[in-house]
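J.: So that we are looking at the same thing, I have put the structure below in structure tokens.
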Amino acid sequence: MTAAPALLRAPASIRLGSGAVRTLGATVRSLAGEGKVLVCTDSFLASASQGAAVEASLRAAGLDYELLDSAQPELPLAGVEDAIAAARSIAPDVVVGLGGGSCIDVAKLVSLGLAHDAPLAEHYGENAVPGPSLPVVAVPTTGGTGSEVTPVAVLTDPGRELKVGISSPWLIPRAAICDPDLCFGAPRSVTAYAGIDALAHAIEAYTAVGRSSWEEMGERVFVGSGQLTDGFALRAIGQISDSFLDALEDRSSGRAGMLSGSLLAGLAFGTAGTAAAHALQYPLGAASKTPHGLGVGLLLPFVMRFNAPAAEEKLRHVGEALGVGSDPEAASAKVREIGLAAGLPGSLREIGVDRGDLPRMAAQAVGITRLIDNNPRPVGPVDAEALLEAAWAGDLDRIEMKAAC
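Its first residue numbered 6, the sequence shown is counted upward by one per residue in the numbering used here.
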């Protein structure tokens, strides 16, 4: 018997648990030595208890650090370029990212910009980073993006209609410090959108197309599902579904479970990648100006139902992890139920999407080949438009669960 090829990429060190932030200083010192440290965060966290905890740990380790609290939602390119310019005057040896996905992504991009003196646009896409960046230590304050362990950073470029990503193994943080005590107090909507995004990461990583040879994997950043990522993904699905509603109520068990589940989902999709739900969200988010997690969470059950003919066995396992038995249809219905319970809208119509824009969105989505090619069932423009039509109406039963002849 020969094992199918499998790949896993991850930080060199991951610490998870209450009080983990107290180990930040020692972790950073092991990377920076006597050098300087830059903490990238936003203005709220810099003055909140999370920022105080990070500063206390860095001071206890005797580190010379500075705060850069300019991170913005959706990471506009100009803001990232300003952050890189400010960081050059500091000349750090290690960059710490404190916050949600945008804060950690700006730390990755600052690290990249300091190490490689080229416009960020030269690094857009996959494997366009020529070599190592400065070490990044990621400290997440939400359970959702998984950016603390993944090889991607996403930003908004006004010259591009859709958000753009930079995907490279060189962007994986050197270490992740995951402390659920830093997640308390996040707004309910932030918790909801981040949490459903984490669930999508796990489900799409688990059901992604599998590649049976090293040649088929090639030099992709996201290589599809495999034996090294499937376990993380399934564990994440169960943990997120068990913890999500408690996290929305800011309960300690829910926050801890969601942070752990998001981390596991990140370890899965950071190598396996995501698929059609994420591809469809890019044009949807650009047109509707809605949060990433909202769009992904709304679309995910429709994509799951569409994928059932090509991923039936795996979706049975997803259903079991969600606690609804081994029925793919029940699995997609459960994900929709979770989203609605978290306050997500039930249809694209509810968020003001013009039905006449759906064909254009469908065409844009199928052009995002790094995601579409990862989907277990092929998605062409007609399929993408049908998925968006069903989501616009909010009707799961419009999705044909039988494969086309």
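The beta-carbon is built from N, C-alpha and C at its ideal position, and this holds for glycine as well.
Compute the beta-carbon to beta-carbon distance between residue 252 and residue 349, rounded to the nearest angstrom, for a pair I have assumed lies under 8 angstroms.
T.: Residue 252 to residue 349, Cβ: 15 angstroms. No contact.
J.: Going by beta-carbon coordinates alone, are residue 154 and residue 178 separated by less than 8 angstroms?
T.: A contact, by the Cβ cut-off of 8 angstroms.
J.: Note the first and the last residue of the continuous beta strand (DSSP E) segment covering residue 99.
T.: 99-104 is the extent of the beta strand (DSSP E) around residue 99.
J.: Are residue 42 and residue 74 touching if we call contact CB-CB under 8 angstroms?
T.: No, they are not a contact pair.
J.: From residue 106 to residue 31, what distance separates their C-alpha atoms?
T.: Those two C-alpha atoms are separated by around 23 angstroms.
J.: Could I get the ranges of all uninterrupted alpha helix (DSSP H) runs contained in the region 22-59, with 4 residues as the minimum, in chain order?
T.: Counting whole runs of 4 or more residues, the region 22-59 contains the alpha helix (DSSP H) stretches 29-37, 48-51.
J.: Measuring CB atoms only, is the region 269-283 touching the region 378-392, in the sense that at least three cross pairs come out at less than 8 angstroms?
T.: At 8 angstroms Cβ cutoff, the stretches touch.
J.: Report back the beta-carbon spacing between residue 117 and residue 176 to the nearest angstrom; my notes put them in contact at under 8 angstroms.
T.: About 7 angstroms; that satisfies the 8 angstroms criterion.
J.: Could you have a look at residue 96 and say whether DSSP puts it in helix, strand or coil?
T.: Note: residue 96 maps to coil in three-state DSSP.
J.: In whole angstroms, what is the alpha-carbon distance linking residue 274 and residue 11?
T.: Their Cα atoms are separated by approximately 13 angstroms.
J.: From the DSSP secondary-structure annotation, give me the bridge partner or partners of residue 255.
T.: Beta-bridge pairing links residue 255 to no other residue.
J.: Check whether the region 88-103 and the region 134-143 touch, using three or more Cβ-Cβ pairs below 8 angstroms as the test.
T.: With the cut-off at 8 angstroms, the region 88-103 and the region 134-143 touch.
J.: Give the list of continuous alpha helix (DSSP H) stretches no shorter than 4 residues that lie fully inside the region 362-403.
T.: Segments of the alpha helix (DSSP H) lying fully in the region 362-403: 363-371, 374-377, 386-398.
J.: Could you give the C-beta distance for residue 262 and residue 286, rounded to a whole number, given that I count them as a contact under 8 angstroms?
T.: That belief does not hold up - the Cβ atoms of residue 262 and residue 286 are roughly 25 angstroms apart, past 8 angstroms.
J.: Pull up the distance between the alpha-carbon of residue 23 and that of residue 335, whole angstroms please.
T.: Approximately 35 angstroms between the Cα atoms of the pair.
J.: Is the Cβ-Cβ distance between residue 337 and residue 306 less than 8 angstroms?
T.: Yes, the pair counts as a contact, with Cβ atoms nearer than the cut-off.
J.: What is the DSSP secondary structure of residue 62, counted as helix, strand or coil?
T.: If DSSP states are grouped into helix, strand and coil, residue 62 belongs with the helices.
J.: If you compare alpha carbons, which of 51, 171, 159, 360 is closest to residue 399?
T.: The shortest Cα separation from residue 399 among 51, 171, 159, 360 belongs to 360.
J.: Considering only residues of the region 177-206, which uninterrupted beta strand (DSSP E) runs meet the minimum length of 3 residues and lie entirely inside it, listed in chain order?
T.: Listed in chain order, the complete beta strand (DSSP E) runs (minimum 3 residues) inside the region 177-206 are 180-183.
J.: Inspect the CB distances between the region 254-271 and the region 316-336 and report whether three or more fall short of 8 angstroms.
T.: Short answer: they don't touch.
J.: Do you know whose CA, among 159, 312, 364, 146, lies nearest residue 212's CA?
T.: The candidate whose alpha carbon is nearest that of residue 212 is 312.
J.: Excluding the 5 residues flanking residue 181 on each side, which residues of the same chain have their C-beta closer than 6 angstroms to its C-beta?
T.: The residues are 16, 19, 143, 153, 154.
J.: For residue 19, name the three-state secondary structure that DSSP assigns.
T.: In the structure shown, residue 19 sits in a strand (DSSP, three-state: E or B).
J.: According to DSSP, simplified to helix, strand and coil, what is residue 330?
T.: Correct three-state label for residue 330: coil.
J.: What residue does the beta strand (DSSP E) around residue 129 start on, and which one ends it?
T.: No beta strand (DSSP E) contains residue 129, which DSSP labels as neither H nor E.
J.: Here's the rule: buried if 16 or more other CB atoms are within 10 angstroms of the residue's CB, otherwise exposed. What is residue 146?
T.: Flag for residue 146 reads buried.
J.: Excluding sequence positions up to five away, which residues of its chain have a Cβ less than 6 angstroms from the Cβ of residue 402?
T.: Excluding residues within five positions, none has a Cβ falling inside 6 angstroms.
J.: State the start and end residues of the unbroken beta strand (DSSP E) segment that holds residue 160.
T.: Its beta strand (DSSP E) spans residues 157-160.
J.: From which residue to which residue does the alpha helix (DSSP H) around residue 172 run?
T.: Counting along the chain, residue 172 falls outside any alpha helix (DSSP H), though it belongs to the beta strand (DSSP E) covering 169-172.
J.: Measure the alpha-carbon distance for residue 228 versus residue 218 and round it to whole angstroms.
T.: Distance between the alpha carbons of residue 228 and residue 218 is about 11 angstroms.
J.: Consult DSSP for residue 275 and reduce its assignment to one of helix, strand or coil.
T.: In this structure, residue 275 counts as helix in the three-state DSSP scheme.
J.: Go ahead and label residue 110 buried or exposed: buried means 16 or more other beta carbons lie within 10 angstroms of its beta carbon, across all protein chains shown.
T.: Residue 110 should be labelled buried.
J.: Nearest-angstrom Cα distance between residue 294 and residue 204?
T.: Distance between the alpha carbons of residue 294 and residue 204 is about 22 angstroms.
J.: For the candidate residues 238, 199, 234, 209, whose alpha-carbon lies nearest to that of residue 260?
T.: Cα-wise, what sits closest to residue 260 is 199.
J.: Report the partner residues of residue 144 according to the DSSP bridge assignment.
T.: In the DSSP output, where bridge partners are listed per residue, residue 144 has 103.
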